[in-house]
Every structure is written in C-alpha cells, then in structure tokens.
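S.K.:
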Amino acid sequence: MRLDPVDIAIVGAGFGGAAFAWRLSQQRPDLRILCVERGGFPDRSALPALRSDWQRAVLNEWATSPNLRLKSGRKSASADYPIDDTQSDFKPLMWNGVGGSTIAWAAHFPRLHPSDFRTRSLDGVGDDWPFSYADLEPYYDLNDAECGVSGLAGDPAYPPKPERAMPPVALGRMGMAAARGFDALGWHWWPVDAAINSRSDAGRAGCNHCGPCLIGCATGAKSSTDLTYWPRALGNGVEIRTHCVVHEVEIEGGQARGIRYHDESGQDILQPAQIVVIAGNGIGTPRLLLASGVDSPALGKNLMFHGAAYARGVFREELDGPVGPVGCALYSHEFYETDEARGFKRGVHLQVTRENALLLQATRLDKPWGEDAQRWLRDEFRHSVAVLVCNEDLPEEHNRVTLTDRIEADGLPGVKLEYRVSEHTRRALDFGLDRAEEMLRAAGAHRTVRIPVAPLTGWHLLGTARMGNDPTTSVTDASGRVHGVADLIIADGSVFPTVGAVNPGSTIGAVALKFADDLARALG
Amino acid sequence: MMSAFLDAVVDTLLPGEHQASSGASPLPSGTQAGVVLEAKSAEQDTILQMIAQRAGGEEAFARAPLSARTDVLASIEKESFDAFRTFVSNLLQDYYEAPSVLAAMGWREGAAQPLGHIVPEADEATLERLEKVRARGPLWRLAP
C-alpha cells in the first residue's frame with residue numbers, strides 16, 4: 000500500500016528520533032513529520048517494579064540484553080530482534096520501543112569534554128569531530144532543560160554549565176563513603192548529573208529511590224523520551240506510528256524517497272517522504288541502511304561500546320543496599336584527560352554506582368551456588384560500593400556490525416557484531432581498576448574485587464555511521480546527512496566519530512537537536 | 000524422581016547458614032525457603048539424570064554428605080556448563096525472592112514501588128570535601 004507523502008519520515012522513537020522530532024516540529028510547524036517505531040509506548044501500570052517478583056524480571060523479559068529477553072521465552076514489551084554477539088566481548092544492550100533505551104537506562108547524564116571532540120589534534124588518536132564542544136554546548140543546555148537534570152553546577156572537570164534544574168540525587172551512605180576515599184587521595188569527585196527528578200519537576204514525580212531503574216521507572220521520575228520529548232512533539236503535531244517495522248529505505252537515483260514498513264497486521268506499506276531520518280542507534284541504523292543498499296565504506300565499521308570494568312569494595316560499615324537510582328552517586332574525572340605517563344592516550348571515567356538487587360547480585364557471582372556463594376553474598380550485601388571504570392574506546396574498523404545471510408522474523412536480515420577489547424582499552428581499564436581499588440581502600444574497604452571486563456554493559460552502541468568530511472572514511476557530514484544519498488539523515492549515536500569515556504545519552508540528544516536545527520535552516 | 004533426591008539437589012545448591020554473624024537470622028536452606036524442584040523442561044530433567052547417574056543413584060546422592068554432593072554438582076557443572084547454570088538460575092530466582100531469604104538478608108520483601116527507600120543526603124563533612132574539589136579550579140583541557 001502506498002500512502003500520501005510526508006515531509007519527514009523518522010525511523011525510531013528513541014532518544015535521537017524523539018529529540019529530532021520535537022526540535023524540528025518546534026522550528027518548522029508547517030512540516031508534516033512522521034515517526035515510525037517498531038515497538039509501542041511503555042505501559043507504566045504494568046512495570047515489574049509494581050510486583051513482588053520484580054527481581055526475576057531483570058533476568059527475563061526485562062533483561063538488559065535483547066538476546067536474553069528473547070531467550071527467556073516470556074512476552075516482553077520490547078520489540079526485539081536477535082543479535083549474533085558470539086564474536087563480541089561486550090554484549091549489546093538496548094530497549095526497542097517508544098523511548099528506546101531511555102526506558103531502561105540508568106539516566107547517568109554526563110557531557111563529553113571539549114577535548115573529546117579533538118582527539119586527533121590533541122593526542123593523535125581517533126578522529127576530530129566536525130564540530131566542537133562550543134558548537135554543541137547550546138544544544139547540551141537545551142537538552143538538559145528538556146530532559147530535566149538533577150546535579151550541581153560548578154564542577155571543575157567541565158566548562159561552566161548552567162544551574163541544574165534540581166539538586167543532586169541523594170548520595171547515600173555509599174556515596175559519602177566514596178567521597179571520603181576520593182578526598183583522602185586528593186582526587187576529583189563530583190555528584191553526577193542525572194536525568195532523574197530528585198524532586199517533583201515538570202509534572203513528573205521525584206525519585207523515591209526504589210532501586211530498579213533498568214526495568215522502567217514506575218513513577219516517571221526518571222527521564223525517558225516517552226515522558227519528555229514525545230508528548231511535546233505530539234503536541235506540535237508530529238505523528239507516531241507504533242508497532243511498525245521499517246525494512247527498507249527507498250532510494251532512487253541517489254536520493255531517499257521514503258520508507259517501506261510492515262504494520263502490526265503485517266501489511267507492507269510504502270511511505271513516501273521528502274526526507275528520511277534514521278535513528279536506530281549503532282546497530283539498528285547500519286542494519287537498516289546496509290539492508291537498503293547504502294554503499295558507504297565506513298557504514299557498520301568502528302563500533303564502539305566504551306570499555307567497561309568494575310571494582311567493588313566491601314566495607315564493614317552498613318551502607319545503602321540495592322536502592323536507587325543505580326547510576327547515581329558520584330564520579331571522578333581525575334584521570335579523564337590524557338597523561339602519556341600512564342601508557343595510553345585519553346582517559347577513564349570512574350563512576351560510583353549502587354548495589355544490585357539481591358537476586359542479580361547472586362547470579363553475577365563467578366560461582367553462584369553453594370556455601371561459598373552464600374557466604375560471599377552475606378559479606379557484601381548492604382556493605383559494598385561498586386565503581387564502574389569506563390575508558391575511551393577508540394574507533395577500529397574491524398569492530399563492526401554486519402548482516403548475516405538469515406532473514407529474521409521482523410523481515411530484516413540478521414545482524415552480527417564483531418568486537419574485541421583492544422590492547423589500548425585493556426591498559427586503560429587496568430589503570431582505572433587500580434585507581435578504583437585504591438580509592439575503595441582509602442574509603443575503608445577491607446576487601447576489593449575486580450571484574451576485569453563487564454560484558455553486560457554494552458548500552459553504548461556508537462560509531463557505526465560516523466560523521467566526517469571524507470566520504471571514504473565517514474558516513475555522514477556534520478549535519479548527519481549521508482554522503483552520496485540525498486535527503487537521508489542519521490540522528491543517533493552511530494554518528495559519533497569518537498566516544499569520550501562517558502555515557503552518551505546527553506550527547507545523542509544534543510547532536511539530534513543540532514541536526515534538527517541544521518535541517519530547519521537548510522529548508523529555509 | 001524421589002523427592003528426597005530433588006530436595007538434596009536444592010539444598011546442595013542453596014545450603015543456607017547454620018548461623019549468621021552480627022545477630023542476623025541465618026539464611027534458610029533452599030527447601031526451608033520453600034524452593035521446590037518441579038518438572039519444568041527436558042533440559043532440567045537431563046541435568047537431574049546426570050546428577051543421579053554420577054552419584055550412583057538418586058538415593059546415594061540424597062544420603063551423601065554435603066561435600067560429596069557438592070563435588071558431584073561441580074563435576075556436572077564442568078561438563079555441561081550452560082545447561083547447569085540455566086538450571087541453577089531458575090532455582091536462584093525462586094530462592095532470592097523468598098520472603099524468608101530477603102528477611103534474613105535484612106531486606107524488605109514485596110514490590111519495589113510504591114514505598115521506595117530513604118537515602119541520606121550528603122552530610123556536612125561530605126559537603127566540606129566537595130568544597131575542596133571546587134577550590135581546585137578547572138581540570139578540563141582546552142580544545143579548539
């Protein structure tokens with residue numbers, strides 16, 4: 000079936016698609032803007048945090064990995080497809096539905112540093128972004144205002160930021176213990192910026208620290224785009240079609256002409272559009288574009304996750320236990336910028352996070368059964384502090400997303416990841432783990448544990464459709480326009496040329512807002 | 000399968016504590032917490048049959064001391080790691096959501112919402128430490 004044309008067809012209602020749709024509809028209310036999304040709106044009244052068996056949901060239909068959700072055999076609210084991750088050291092995590100992974104994220108909301116945009120010029124590694132921190136700064140500010148950020152201005156690790164809308168999320172005993180450790184060593188630390196209401200704001204509740212942020216926020220205190228950008232975009236007249244799986248971007252004569260999708264009834268629909276915007280992030284975007292025959296040498300390559308490892312300190316004092324929000328307390332950027340003496344370029348982000356729920360903690364033990372496992376849990380439950388070490392993963396062509404020969408149930412070719420932890424990342428993570436353990440001991444931990452690689456941290460799906468000026472080494476220009484295909488734009492984390500060492504959500508939103516403004520200006 | 004055998008498997012995986020330190024209630028064993036091995040899948044039956052075979056029969060396994068039963072399970076885990084861990088994971092889900100287990104660990108049973116938890120704000124000493132960080136001045140690197 001062929002529908003009447005729209006001006007703009009956006010594929011994907013996650014962070015990038017939502018921010019882009021809202022901003023463009025604000026700047027250009029005359030445009031007919033459509034978003035097509037494979038999943039649906041989350042039903043907050045059905046979230047597992049409202050049930051006593053919520054812990055097991057974390058391992059099954061609300062697992063962070065789409066592969067684990069599919070494997071559980073339970074009905075999930077996420078419209079998943081399998082991902083062959085057998086050749087990947089990190090496992091891809093995502094949520095497929097309106098809101099995208101903001102439904103299941105921790106809402107840790109740091110910005111990149113100015114130096115992250117200039118890694119080639121400053122350090123001879125990676126690539127420079129085609130714009131600077133200063134260029135993106137107004138969009139960071141706008142994104143903060145629209146999402147609602149709790150935090151504290153004045154962090155000396157960053158250029159000055161505006162006052163945060165709300166005070167920081169409570170540090171808790173765990174955060175205060177970590178602050179003691181950082182202080183004893185004279186290292187930087189600061190309360191995190193979180194896209195979580197620390198008190199009621201913008202019509203959403205304040206967080207009551209229930210704990211399981213990653214299985215959807217039942218109170219709506221956690222910012223997700225179904226609660227922020229989407230209501231405003233819909234109010235501006237944007238249309239969203241849910242449970243519709245786009246399987247092809249129609250390209251004729253080097254120009255995008257529209258999209259083809261299956262609706263919920265399975266009907267194949269051609270939606271003509273003047274401009275097509277893809278926002279499927281680092282796996283969904285290259286999957287769709289490769290399946291649509293987009294022929295860019297860099298498409299699918301340079302997959303970056305962020306290297307991730309944990310150190311955990313066990314304390315004799317009683318701490319908070321598995322309360323929320325999980326991604327909050329504080330972080331240190333003492334080692335964020337390059338110091339050649341460390342043996343690697345760029346730096347590490349040390350993020351102090353909260354304990355897992357008891358069941359999750361038990362299943363994550365090396366050996367989760369028997370007397371030793373129970374003794375271990377007794378020792379650390381309500382007595383531990385975890386430090387996530389994130390390093391700047393650098394772009395490498397052999398880390399990539401490719402299509403398989405198989406056609407999956409959603410009608411698209413299967414997708415496969417190849418990703419190996421590099422020697423650079425290994426050195427950076429080992430350095431970060433050493434520092435994390437040093438801090439934990441300084442804070443009073445009587446025992447520390449290292450998890451050298453944390454495979455189930457692959458939320459950050461970045462770099463597979465990178466921006467740049469050279470079509471042989473990049474997929475889009477500085478406005479997200481795909482080289483060699485007119486009227487095709489990408490607005491998600493796949494456009495990042497490099498990734499810094501911090502969570503990308505804040506930057507994905509800011510980049511999508513910028514691209515929307517770029518397009519609004521180009522349309523005149 | 001014999002119920003004594005199934006219970007022994009559960010209590011080998013989840014033996015509980017005889018006593019807990021610092022006055023806490025000891026963790027119950029798996030069966031004390033109400034965990035019951037029920038027919039779930041062919042994969043589970045396969046694991047149970049492997050355990051019985053390795054131990055010389057269901058009765059022999061049930062009567063063996065904990066250390067010997069642990070050795071049997073460890074050998075099955077080594078041989079069929081993924082299937083064994085899936086089997087264990089199913090039991091852990093029942094056990095660590097059991098009210099008696101949560102209570103023994105000093106945690107609340109039930110839904111995470113609507114009660115939430117009280118988390119303390121930064122105290123005076125922590126705020127003073129933060130001022131020391133602020134006083135350091137900019138740490139970020141200038142970039143064009």
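As you go down the protein sequences, you meet chains A and B in turn. Be aware that the first sequence starts at 0, since it is given in numbering that gives the first Met the number 0, and climbs by one per residue. Be aware that the second sequence starts at 0, since it is given in numbering that gives the first Met the number 0, and climbs by one per residue. Just so you know, even glycine gets a beta-carbon here, dropped at the ideal spot from N, CA and C.
1. Using a beta-carbon distance below 8 Å, is E16/B in contact with chain A?
2. Assuming A41/B is part of the alpha helix (DSSP H), what are its boundary residues?
3. Identify each residue in the region 153-176 of chain A for which the Cβ-Cβ distance to at least one residue of chain B is less than 7 Å, and report them in chain order.
4. Helix or strand or just coil, what does DSSP make of E317/A?
5. Using the C-alpha atoms, what's the distance from V322/A back to T11/B?
6. G123/A: which of V484/A, G174/A, F343/A sits nearest, CA to CA?
7. Opposite P271/A in the DSSP bridges: which residues?
8. For the alpha helix (DSSP H) containing Y157/A, list its first residue and its last residue.
9. For T403/A, decide whether its Cβ has a neighbour in chain B, counting only Cβ atoms nearer than 8 Å.
10. Nearest by alpha-carbon distance to V191/A: which of D516/A, R55/A, N502/A is it?
11. On a CA-only basis, which of D262/A, A328/A, C212/A, F314/A is nearest L125/B? Give me that one, please.
12. How about G174/A and V293/A: do their beta carbons lie closer than 8 Å?
13. Quick one: which unbroken alpha helix (DSSP H) runs of 4-plus residues sit fully inside the region 54-97 of chain B? Chain order, please.
14. So, under 8 Å CB-CB, E354/A and G320/A are touching, yes? Tell me the CB distance rounded to an integer number of Å.
15. Spatial neighbours of R163/A within its chain, please: C-beta separation below 8 Å, excluding the five flanking residues on both sides.
16. According to DSSP, W189/A sits in a beta bridge with which residue or residues?
17. What did DSSP end up calling L416/A once you bin it into helix, strand or coil?
18. I'd like to confirm the pairing. Which residues does DSSP put opposite R203/A in its beta bridges?
19. Terminal residues of the continuous alpha helix (DSSP H) containing N280/A?
20. When burial is assigned at 16 or more other CB atoms within 10 Å of the CB, is Q92/B buried or exposed?
21. Under the rule that 16 or more other beta-carbon atoms within 10 Å means buried, what is I117/B, buried or exposed?
22. With DSSP as the reference, label Q31/B as helix, strand or coil.
23. Can you tell me the Cα-Cα spacing of T85/A and L92/A, whole angstroms?
24. The beta strand (DSSP E) spanning S87/A covers which residue range?
25. Can you pull the chain B neighbours of S51/A, defined as C-beta to C-beta under 8 Å?
26. CB-CB under 6 Å to G183/B, same chain, minus the five flanking residues each way: which ones, in chain order?
27. With three or more C-beta pairs closer than 8 Å as the rule, is the region 9-16 of chain A touching the region 276-284 of chain A?
28. Note down the Cα distance separating V132/B from V400/A, rounded to an integer number of angstroms.
29. Please classify V9/B: does DSSP put it in a helix, a strand, or coil?
30. Indicate whether at least one CB of chain B lies closer than 8 Å to the CB of E336/A.
31. I want to verify the contact list: residues of chain A whose CB lies under 9 Å from the CB of S88/B, in sequence order.
32. Shortest alpha-carbon distance to H332/A belongs to which of S44/A, E407/A, A103/A, D154/A?
33. Any beta carbon of chain B sitting closer than 8 Å to that of P496/A?
34. Answer with buried or exposed for G210/A, where buried requires no fewer than 16 other C-beta atoms within 10 angstroms of its C-beta.
35. Answer yes or no: does any C-beta atom of chain A fall closer than 8 Å to that of E42/B?
36. Determine the burial state of V474/A: buried for a count of at least 16 other Cβ atoms within 10 Å of its Cβ, exposed for fewer.
M.R.: On the basis of the supplied data:
1. As a first step, residue 16/B must be located in the second sequence, where it is residue number 17. It does; some Cβ of chain A falls within 8 Å.
2. Here residue 41/B is taken as the residue at index 42 of the second sequence, counted from 1. In the DSSP annotation of this structure, the continuous segment of the alpha helix (DSSP H) that includes A41/B starts and ends at 41-54.
3. Along the region 153-176 of chain A, the positions whose C-beta sits under 7 Å from a C-beta of chain B are G153, P155, A156, Y157, P158, A169, L170, G171, R172, M175, read in chain order.
4. The residue given as residue 317/A occupies position 318 in the first sequence. Here E317/A sits in coil by DSSP.
5. Within the second sequence, the letter at position 12 stands for residue 11/B. Within the first sequence, the letter at position 323 stands for residue 322/A. The alpha-carbon atoms of T11/B and V322/A are separated by roughly 30 Å.
6. Taking the first residue of the first sequence as 1, we reach residue 123/A at position 124. When C-alpha distances from G123/A are compared across V484/A, G174/A, F343/A, the shortest belongs to F343/A.
7. Here the question's residue 271/A lines up with position 272 in the first sequence. In the DSSP output, where bridge partners are listed per residue, P271/A has G257/A.
8. Locating residue 157/A in the first sequence gives position 158, where the first residue counts as 1. Y157/A -> no alpha helix (DSSP H), and no H or E assigned at all.
9. The count along the first sequence starts at 1 and reaches residue 403/A at position 404. Nearest CB-CB separation between T403/A and chain B: not below the 8 Å threshold.
10. Walking along the first sequence from the start, residue 191/A turns up at place 192. Here the closest residue by C-alpha is N502/A.
11. Walking along the second sequence from the start, residue 125/B turns up at place 126. Rather than Leu, the amino acid found at residue 125/B in this sequence is Thr. Taking only the C-alpha atoms, the option nearest T125/B is A328/A.
12. For the purposes of this step, residue 174/A is identified with residue 175 of the first sequence, where counting begins at 1. For the purposes of this step, residue 293/A is identified with residue 294 of the first sequence, where counting begins at 1. No; because the gap between Cβ atoms is not below 8 Å, this pair is not in contact.
13. Within the region 54-97 of chain B, the complete alpha helix (DSSP H) segments of 4 residues or longer fall at 57-62, 65-78, 80-94, listed in chain order.
14. Taking the first sequence and counting its residues from 1, the one referred to as residue 354/A is at position 355. Taking the first sequence and counting its residues from 1, the one referred to as residue 320/A is at position 321. In this structure, E354/A and G320/A form a Cβ contact; the two beta carbons are roughly 6 Å apart against a cut-off of 8 Å.
15. Within the first sequence, the letter at position 164 stands for residue 163/A. Excluding residues up to 5 positions away in sequence, D143, V148, S149, G150, L151, A152, D192 lie with their Cβ nearer than 8 Å to the Cβ of R163/A in the same chain.
16. Position 190 of the first sequence, counted from the first residue, corresponds to residue 189/A. DSSP, once it has assigned bridges, lists Y330/A as partnering W189/A.
17. For the purposes of this step, residue 416/A is identified with residue 417 of the first sequence, where counting begins at 1. Strand, per DSSP.
18. Reading the first sequence from its first residue, position 204 is the one you call residue 203/A. D200/A, per the DSSP bridge assignment.
19. The count along the first sequence starts at 1 and reaches residue 280/A at position 281. Counting along the chain, the alpha helix (DSSP H) containing N280/A begins and ends at 280-290.
20. Locating residue 92/B in the second sequence gives position 93, where the first residue counts as 1. Counting the other Cβ atoms within 10 Å of the Cβ of Q92/B gives 16 or more, which makes it buried.
21. Sequence index remark: in the second sequence, residue 117/B carries index 118 (1-based). When all chains shown are included, I117/B counts as exposed.
22. Residue 31/B sits at position 32 when you count from the first residue of the second sequence. Per DSSP, reduced to three states, the secondary structure at Q31/B is coil, with no helix or strand assignment.
23. Translated into positions along the first sequence, residue 85/A becomes position 86. Translated into positions along the first sequence, residue 92/A becomes position 93. Spanning the two alpha carbons is a distance of roughly 14 Å.
24. Translated into positions along the first sequence, residue 87/A becomes position 88. Where S87/A is concerned, the enclosing beta strand (DSSP E) stretches over 82-87.
25. Walking along the first sequence from the start, residue 51/A turns up at place 52. The contacting residues are E96, E108, G109, A110.
26. Summary: the structure shown does not reach residue 183/B, with chain B confined to residues 0 through 143, and so no result is reported for it.
27. With the cut-off at 8 Å, the region 276-284 of chain A and the region 9-16 of chain A touch.
28. The sequence position of residue 132/B within the second sequence is 133, counting from 1. The sequence position of residue 400/A within the first sequence is 401, counting from 1. The alpha-carbon atoms of V132/B and V400/A are separated by roughly 42 Å.
29. By one-based count along the second sequence, residue 9/B stands at place 10. Here V9/B sits in helix by DSSP.
30. As a first step, residue 336/A is located in the first sequence; it is residue number 337 there, counting from the start. Closer than 8 Å: yes.
31. Counting from one through the second sequence, the residue named residue 88/B turns up at place 89. Near S88/B (Cβ distances below 9 Å), the residues of chain A are L58, T362, P367.
32. What you label residue 332/A is simply residue 333 of the first sequence in a count that begins at 1. For the residues S44/A, E407/A, A103/A, D154/A, the minimum Cα distance to H332/A belongs to D154/A.
33. As a working mapping, residue 496/A is identified with position 497 in the first sequence. So no, P496/A is outside the interface.
34. Numbered from 1 along the first sequence, position 211 holds the residue referred to as residue 210/A. With 16 or more other CB atoms across the displayed protein chains lying within 10 angstroms of its CB, G210/A is buried.
35. Within the second sequence, numbered from 1, the residue matching residue 42/B stands at position 43. Interface criterion not met: the Cβ of E42/B is under 8 Å from no Cβ in chain A.
36. Here the question's residue 474/A lines up with position 475 in the first sequence. Here V474/A is buried: its Cβ has 16 or more other Cβ atoms, across all protein chains shown, within 10 Å.
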